[in-house]
Ligand SMILES: [Fe+2]
């Protein structure tokens, strides 16, 4: 299973970037591909990106959830809207309601995994029985000091959890540093990462 955490483009979903995204996702031999969108996607052309991802066989979850097909149907995956931008610009309570409705669809799954572009998704899922929350957005600070200490992270939860694995209120939070970049064309003490999880 391939889980994609968003921010597929920076400064515009041009035709060439969209094609590159489609080619890259197509090249991954995963039986199931699931994606959420990030703030840069919503600032670009999310509909165009959704078409490209869908054409590569990806299911896009925006406050939606699904069960894996048998024999792994004991695993439920919920994809959250991006807390920063969001398709639905509602208040915190309405967003919480949308997330709760998604989580309800996998409430009887033995393993419940949530994916959100930003670790701020923790605000919506903490204490709600999610075993694993996967996120990114932070780049690990992008420009960090020795010891992987970020200088600035555009995310309240990301300031506390800029990268790596954390145990929070019964949920394992993993914050990927991701593979891309924005604004500054280099990274310091915040190397890219792609995480591989064995769920058992
Ligand atoms: Fe982001």
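Residue numbers (the working numbering): 17 to 216. The C-beta atom is built at its ideal place from N, Cα and C for all residues, glycine as well.
Buried/exposed call for residue i, threshold 16 Cβ in 10 Å
{"i": "residue 192", "result": "buried"}
{"i": "residue 126", "result": "exposed"}
{"i": "residue 129", "result": "buried"}
{"i": "residue 161", "result": "exposed"}
{"i": "residue 88", "result": "exposed"}
{"i": "residue 154", "result": "buried"}
{"i": "residue 198", "result": "exposed"}
Terminal residues of the alpha helix (DSSP H) in which residue i lies
{"i": "residue 75", "result": "Careful: residue 75 lies outside any alpha helix (DSSP H), inside the beta strand (DSSP E) at 74 to 76."}
{"i": "residue 34", "result": "31 to 42"}
{"i": "residue 115", "result": "108 to 120"}
{"i": "residue 69", "result": "62 to 71"}
{"i": "residue 174", "result": "172 to 176"}
Candidates the options: closest to residue i by CA position
{"i": "residue 84", "options": "33, 41, 19", "result": "19"}
{"i": "residue 28", "options": "17, 39, 107, 58", "result": "58"}
{"i": "residue 17", "options": "154, 41, 25", "result": "41"}
{"i": "residue 1", "options": "196, 200, 139, 201", "result": "This structure cannot settle anything about residue 1, because the visible part of the chain is limited to 17 through 216."}
{"i": "residue 189", "options": "210, 161, 206, 152", "result": "152"}
{"i": "residue 143", "options": "54, 157, 112, 169", "result": "112"}
{"i": "residue 56", "options": "25, 78, 86", "result": "25"}
{"i": "residue 131", "options": "123, 124, 94", "result": "94"}
{"i": "residue 77", "options": "204, 39, 117, 86", "result": "117"}
{"i": "residue 92", "options": "44, 122, 114", "result": "122"}
{"i": "residue 159", "options": "145, 147, 179", "result": "179"}
{"i": "residue 82", "options": "106, 213, 49", "result": "49"}
{"i": "residue 45", "options": "52, 114, 72", "result": "72"}
Run of the beta strand (DSSP E) containing residue i, from where it starts to where it stops
{"i": "residue 189", "result": "187 to 191"}
{"i": "residue 52", "result": "Per DSSP, residue 52 belongs to no beta strand (DSSP E) and is neither H nor E."}
{"i": "residue 182", "result": "180 to 184"}
{"i": "residue 83", "result": "80 to 83"}
{"i": "residue 167", "result": "Careful: residue 167 lies outside any beta strand (DSSP E) and carries neither H nor E."}
{"i": "residue 96", "result": "Segment: none, residue 96 is in no beta strand (DSSP E) and carries neither H nor E."}
{"i": "residue 20", "result": "18 to 20"}
Mind listing, in chain order, the continuous beta strand (DSSP E) runs of no fewer than 3 residues lying wholly within the stretch 126 to 152?
127 to 131, 148 to 151
Taking 6 Å as the limit, name every residue whose beta carbon sits nearer than that to some heavy atom of ligand 1, in sequence order.
23, 54, 55, 56, 133, 153
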